[in-house]
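> Each residue of the sequence shown is one higher than the one before, starting from 61 at the first, in our numbering. Backbone N, C-alpha and C define an ideal beta-carbon position, used for all residues, glycine too. Here the structure is a predicted model, which means the values were calculated and not measured. Just passing along the structure, written as structure tokens.
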Amino acid sequence: NNNNNNNNDNNEKRNSPEKTAFVSYEAVRGDGENVRGDGVVPLEWTLLEGSKQLVLEDVVHSINEAGTSLPTDRWYGSEGVIDRWLPTVINQLPTTNTNTNDNDDNNPLSSLSKWFQSSISS
Numbered sequence: 061n062n063n064n065n066n067n068n069d070n071n072e073k074r075n076s077p078e079k080t081a082f083v084s085y086e087a088v089r090g091d092g093e094n095v096r097g098d099g100v101v102p103l104e105w106t107l108l109e110g111s112k113q114l115v116l117e118d119v120v121h122s123i124n125e126a127g128t129s130l131p132t133d134r135w136y137g138s139e140g141v142i143d144r145w146l147p148t149v150i151n152q153l154p155t156t157n158t159n160t161n162d163n164d165d166n167n168p169l170s171s172l173s174k175w176f177q178s179s180i181s182s
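Encoded structure:
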């Protein structure tokens with residue numbers, strides 16, 4: 061019976077959020093010590109140069125709590141979390157111009173912007 065308790069303790073340590081974060085960070089950056097991130101991806105790897113940067117506290121890249129198979133509502137794709145970042149994305153979309161002489165072929169977000177504008181004006 062004591063042996064089972066030791067196994068459970070070892071499993072808990074091996075699957076702890078801290079251990080999961082260390083292993084994840086070490087895999088992508090070669091070092092897992094003293095890294096700020098969400099337990100899956102180091103923060104420095106999410107801040108793309110030249111992009112609009114938005115850091116959401118207590119939001120994670122994993123659909124499960126780190127080191128477990130328990131679902132989380134803190135995932136970036138969760139309904140409540142989407143509401144926190146989507147307005148920033150929408151504000152980054154170019155505004156559409158109704159002038160038919162403008163060529164939108166050079167703007168990769170043009171069709172997305174048009175779709176969004178039409179969906180909110182309906």
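Runs of 4 residues minimum, wholly inside the stretch 87-173: which ones carry the alpha helix (DSSP H) assignment?
139-152
> Check this for me: beta carbons of Val100 and Val115, under 8 Å apart or not?
no
> State buried or exposed for Val83, treating a residue as buried only when at least 16 other CB atoms are found within 10 Å of its CB.
exposed
> Looking only at its chain, what residues have a beta carbon closer than 6 Å to the beta carbon of Leu107, apart from the 5 residues adjacent to it on each side?
Gln113
> Measure the C-alpha to C-alpha separation of Pro131 and Ile150 and round it to an integer number of angstroms.
27 Å
> Give a yes or no on whether the C-beta atoms belonging to Ala87 and Ala126 are separated by under 8 Å.
no
> Is it buried or exposed for Asn66, if we count other Cβ within 10 angstroms and need 16 for buried?
Because the pLDDT of Asn66 is 47, which lies under 50, any placement of that residue in the model is unreliable, and the question is left without a value.
> Can you tell me the Cα-Cα spacing of Ser122 and Arg134, whole angstroms?
8 Å
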